[in-house]
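This report concerns only the one structure given below.
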Amino acid sequence: MMISAVECPRTPHLKSPHGVKRPVGCFCNGNTSHPLPAKTLCYEPHTWEGEKWGTNQFLCFVGECNPYGECRNIFEREVCETERAPK
1 MMISAVECPR TPHLKSPHGV KRPVGCFCNG NTSHPLPAKT LCYEPHTWEG EKWGTNQFLC
61 FVGECNPYGE CRNIFEREVC ETERAPK
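Printed below as a string of structure tokens:
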């Protein structure tokens, strides 16, 4: 059964500059037995913690989920926003 990021409310998300919410990492609610679908755009875990650009804004690495639940860097960075600090 395929799981979408929408079905994973406890998965931390950050907002892209265009207001699109992307998951941090590729596991539904942190459960390693429930990876998000391959090709889902994601933010690489922990990369958002480095460069703060403003209030609740960070420079994030964009990735793509692979079939094993890993968020693989696609060599793009963008400013992302938190609604509250991801855990």
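Reading the sequence shown from the start, the letters are residues 1 to 87 in UniProt numbering.
All C-beta atoms in this analysis are idealised placements derived from N, C-alpha and C, irrespective of residue type, glycine included.
| Asked | Found |
| --- | --- |
| Start-to-end residues for the beta strand (DSSP E) that takes in cysteine 65 | 57 to 65 |
| Alpha-carbon spacing of glutamate 81 relative to proline 17, whole angstroms | 8 Å |
| Alpha-carbon spacing of alanine 85 relative to proline 12, whole angstroms | Unreliable placement is indicated for alanine 85, whose pLDDT of 49 sits below 50; the coordinate value is still reported in the next sentence. Using only the alpha carbons, I get a separation of about 9 Å. |
| Helix, strand or coil at glycine 25 according to DSSP, with G and I counted as helix | coil |
| Anticipated Cβ contact below 8 Å, tyrosine 43 with phenylalanine 27, distance rounded | Contact flag wrong, Cβ pair sits at about 13 Å. |
| Closest by C-alpha distance to cysteine 71, when choosing among Gly19, Arg77, Pro23, Arg10 | Pro23 |
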